[in-house]
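Asker:
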Amino acid sequence: MGLIGSQELKEIQSRQKHEDQRDERMLDSQRKNIRRYVGGLFIMLGAAVLPLTVPFVIIMLTALFGVHARYGFSSVRLKSISAAGAAFGPVGYEVNLLYITALLALALGGSTPFSVDRWIENHRRLGQIRKGTR
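Under my numbering, residues 3 to 136 are what the sequence shown spells out, in order.
Take a look at the structure:
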């Protein structure tokens, strides 16, 4: 076997660098998805709603202005109807506004009786009452 030439070595290193960058992007994407899923679960459970509202609204505004604004308001855009069924175009920013409004309503509405935030508040108050009576 012959020695690898310097050009071949550079090509191998370049390919490896691109593969490493692709792996980093994939890992970063997976981390972001996990954060979104966990954040959504927290919102559904009523845990840390107020602090989670800000990043979620920022994400929605980024999607609204970066992607959906150019397609207008409507969330459903019918392009055509064929024997195969209806074909839809890109969605507008209507759904983004709905999500932003819902997040703000949850944040401004405060914790509900069955939320994790209310449960934590009640246990803190109970602990303070117990400390005060001793």
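Glycine included, C-beta positions come from ideal geometry on N, C-alpha and C.
Quick check on the DSSP output: the alpha helix (DSSP H) that includes Ala109 runs from which residue to which?
Answerer: Glu96 to Gly111
Asker: Measure the beta-carbon distance from Phe90 to Arg79 and round it to whole angstroms, keeping in mind my assumption that it falls under 8 Å.
Answerer: 6 Å
Asker: I'd like the span of the beta strand (DSSP E) that includes Phe90, first residue to last.
Answerer: Its beta strand (DSSP E) spans residues Gly87 to Phe90.
Asker: Does the Cβ of Gly7 have 16 or more other Cβ atoms within 10 Å, making it buried, or fewer, making it exposed?
Answerer: exposed
Asker: Below 8 Å, can you find three or more Cβ-Cβ pairs linking the region 106 to 116 to the region 45 to 63?
Answerer: Here the region 106 to 116 lies against the region 45 to 63, with 3 or more beta-carbon pairs under 8 Å apart.
Asker: What is the DSSP secondary structure of Ile60, counted as helix, strand or coil?
Answerer: helix
Asker: Using DSSP bridges, identify the partner residues of Leu80.
Answerer: Phe90
Asker: May I ask you to report which of helix, strand or coil DSSP gives Tyr49?
Answerer: Checking the sequence, you will find Ala at residue 49 rather than Tyr. Looking at Ala49 - three-state DSSP - the assignment turns out to be coil, as it is neither helix nor strand.
Asker: Residues in the same chain with beta-carbon distance under 8 Å from Ile14, minus the five sequence neighbours each way, listed in chain order, please.
Answerer: Ile6
Asker: Counting C-beta neighbours from all protein chains within 10 Å, is the total for Gly48 16 or more, i.e. buried, or is it exposed?
Answerer: buried
Asker: Where Gln18 and Arg27 are concerned, what is the direct C-alpha to C-alpha distance, given to the nearest angstrom?
Answerer: 14 Å
Asker: If you draw a straight line from the C-alpha of Asp30 to the C-alpha of Phe44, how long is it?
Answerer: 21 Å
Asker: Thinking C-beta only, is Val69 closer than 8 Å to Leu105?
Answerer: no
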